[in-house]
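Chains as they are written, first to last, in our numbering: chain A, 1 to 309; chain B, 1 to 254.
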């Protein structure tokens with residue numbers, strides 16, 4: 001008799017976890033048939049409305065979603081019943097479905113509770129040539145949404161090609177990052193450092209419109225540091241009690257829906273910005289540009305979150 | 001008669017033996033007592049000497065706030081030991097003791113967070129040639145910066161009356177010809193195991209350490225982290241601990 005309650009609680013907990021995983025996998029299956037099995041299939045992207053001409057390929061817009069953790073790496077324990085790896089998978093599945101519905105092709109780094117190394121995630125991202133890379137995380141600390149870009153400086157290929165032996169030695173020093181790049185040779189297009197800041201800015205604006213507080217910063221995080229694409233780590237955190245209208249917990253479905261809607265809107269806006277530039281960010285030979293300056297503004301003029309032009 | 005003599009002789013021998021044994025025992029007891037008193041006296045004097053080294057000194061703790069992602073310098077006074085490395089460890093443990101308080105905005109589990117700090121001089125920067133990798137200083141990590149925005153409100157300043165740097169990115173150029181130091185901060189395994197898992201809380205802990213070291217011991221220019229004396233990939237599943245970081249005051253105007 002005494003054992004009943006804990007046993008029931010354990011059964012409920014395990015059922016909830018299993019249901020969450022099943023739900024995530026079902027969402028993936030419903031959202032994108034091409035991503036059902038194995039990492040090798042993940043790059044077989046269905047590109048809605050995409051032609052075969054070089055021009056069409058140049059104009060394509062591809063999003064990579066990286067649900068953090070998975071398999072043996074559970075990530076943060078968000079509550080007694082919710083692990084970070086399960087929530088990020090569930091969020092990725094729903095974002096995936098929404099973007100495919102918007103005719104945006106998507107690549108995911110995992111579509112099941114599988115262990116995927118950071119090196120493999122970086123390899124997938126860098127070979128995909130994605131125009132936006134979103135790494136999904138979740139934490140029980142802090143509030144709202146935390147947006148992070150890599151704190152590493154990057155430089156475009158054209159500038160890198162002119163480097164002296166001194167800088168070759170410098171890049172050789174960063175062995176771990178180079179290895180994790182997964183053989184990528186692409187750092188083309190407009191300054192990648194600027195690109196990721198612009199993407200972060202677009203996401204920040206979308207969350208601000210959705211009245212979800214955001215914290216922005218730079219961090220050193222794998223595989224974020226090894227992504228060649230414009231990449232932002234988006235970390236979902238609980239809302240404070242003052243924001244109860246959306247639900248305080250990250251497990252709240254209404255809050256999650258608001259989060260995903262804002263993220264979808266941000267990527268739509270980013271696609272519009274990408275197309276309005278009238279060139280492929282993956283194919284244009286960039287003019288020589290300076291390295292991302294140490295004094296470069298975090299956000300471009302007119303988009304400063306500080307209200308300073 | 002012979003028997004009586006023998007008994008007397010035996011008794012006298014026994015008495016002498018008892019007396020000698022008692023004397024030895026008393027002497028040994030006295031020795032032990034004196035040794036104990038001496039040790040206590042030595043410990044006391046050692047303790048007094050130690051506490052005399054731990055002079056109360058003003059320090060700056062750069063405190064993180066998970067709620068808004070801010071870092072706030074706070075002036076406090078703490079007893080510090082002699083020696084720069086010992087001071088660095090003491091300052092960082094004072095920082096994490098603040099976080100272990102019940103009302104902390106960046107909660108961590110109580111206990112010693114930093115086992116030790118080791119300092120070593122940075123090598124002079126030599127313009128590297130094709131085979132001069134080993135003569136270069138460790139590749140520094142770009143400082144991390146935090147900026148905060150809450151819809152409908154102004155960003156939270158890093159310190160009262162302070163301002164965000166417009167760039168938010170302090171100079172990350174490696175110091176050339178530097179006479180600075182590399183600090184290796186060895187975190188305790190229990191601290192890392194109990195740390196809140198997440199990009200923001202882990203990043204804020206690192207930022208807080210870097211900024212606090214910079215504020216109190218400006219000779220420390222670069223920092224790397226160990227956990228239990230060994231390199232560890234991340235602090236608690238997120239923030240990269242395999243890099244060398246610049247000790248700086250991120251996001252605050254000099």
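We put the beta carbon where it would ideally sit given N, CA and C, even for glycine.
The structure displayed is predicted, hence computed values, not measured ones.
Rounded to the nearest angstrom, the gap between the Cα atoms of residue 215 (chain A) and residue 151 (chain A) is 15 Å. When the five nearest sequence neighbours on each side are left out, the beta carbons in the same chain lying within less than 7 Å of the beta carbon of residue 238 (chain B) are those of 197, 198, 199 and 202, in order along the chain.
Under a criterion of Cβ atoms nearer than 8 Å, no residue of chain B is adjacent to residue 259 (chain A); the nearest Cβ is some 14 Å distant. Non-local C-beta neighbours of residue 104 (chain A) in its own chain, meaning closer than 6 Å and more than five positions away in sequence, comprise 63, ordered along the chain. The criterion of a C-beta distance shorter than 9 Å is not satisfied by residue 74 (chain B) and residue 92 (chain B). Nearest CB-CB separation between residue 203 (chain B) and chain A: below the 9 Å threshold. According to the DSSP assignment, residue 77 (chain B) belongs to the beta strand (DSSP E) that extends over 70-80. Residue environment for residue 222 (chain B): buried (at least 16 other C-beta atoms within 10 angstroms of its C-beta). Residue 220 (chain B) and residue 219 (chain A) have their C-alpha atoms spaced approximately 21 Å apart.
Spanning the alpha carbons of residue 236 (chain B) and residue 107 (chain B) requires a straight line of approximately 14 Å. Residue-level contact check: residue 245 (chain B) touches chain A, since one or more beta carbons of chain A fall below 9 Å from its beta carbon. Using a Cβ-Cβ cut-off of 9 Å, residue 72 (chain B) does not count as an interface residue toward chain A, since no Cβ of chain A sits closer than that to its own. Considering only A:251, A:131, A:203 and A:209, the residue with the shortest C-alpha distance to residue 238 (chain A) is A:251. In chain order, 137, 139, 146, 148, 219, 221, 233 and 235 make up the part of chain A whose C-beta sits under 8 Å from the C-beta of residue 199 (chain B). DSSP places residue 201 (chain B) within a helical segment (H, G or I) once states are collapsed to three. Note that the segment 132-144 of chain A touches the segment 223-237 of chain A; at least 3 beta-carbon pairs, one per stretch, sit closer than 8 Å. Among the CB atoms of chain A, none fall inside 9 Å of the CB of residue 194 (chain B).
Beyond the five residues adjoining it in sequence on each side, residue 109 (chain B) comes within less than 6 Å, by CB distance, of 194 in the same chain, given in chain order. Sequence-distant Cβ neighbours of residue 77 (chain A) in its own chain, meaning closer than 7 Å and more than five residues away, are 83. Of the candidates A:194, A:129, A:230 and A:213, A:213 places its Cα closest to the Cα of residue 240 (chain A).
By the neighbour-count criterion, in which 16 or more other beta carbons inside 10 Å mark a residue as buried, residue 255 (chain A) falls on the buried side. Residue 233 (chain B) has a beta carbon lying within less than 9 Å of a beta carbon in chain A.
Beta-bridge pairing by DSSP links residue 220 (chain B) to B:181.
The beta-bridge partner set that DSSP reports for residue 133 (chain A) consists of A:64 and A:231. By the C-beta density criterion, residue 229 (chain B) is exposed, having fewer than 16 other C-beta atoms within 10 angstroms. In this structure, residue 114 (chain A) lies near residue 71 (chain A), with their beta-carbon atoms less than 9 Å apart.
Segment contact: the segment 90-102 of chain A against the segment 196-214 of chain A, fewer than three CB-CB distances shorter than 8 Å; contact not assigned. Non-local C-beta neighbours of residue 260 (chain A) in its own chain, meaning closer than 7 Å and more than five positions away in sequence, comprise 91, 94, 95 and 98, ordered along the chain.
Put simply, the CB of residue 180 (chain B) is far from chain A, with every gap to its CB atoms at 9 Å or more. As DSSP reads the structure, residue 226 (chain B) sits in a beta bridge with B:186. Ranked by how close their Cα comes to the Cα of residue 180 (chain B), the residues B:65, B:246, B:225 and B:233 have B:246 in first place. Going by C-alpha positions, residue 234 (chain B) is about 30 Å away from residue 253 (chain A). Residue 217 (chain A): not part of any alpha helix (DSSP H); member of the beta strand (DSSP E) spanning 214-219, first to last residue. At a beta-carbon threshold of 9 Å, the residues of chain B lying near residue 225 (chain A) are 240 and 243, ordered along the chain.
At least one beta carbon of chain B lies nearer than 9 Å to the beta carbon of residue 73 (chain A). Among the residues facing chain A, residue 216 (chain B) is not included, as its CB has no counterpart in that chain under 9 Å away.
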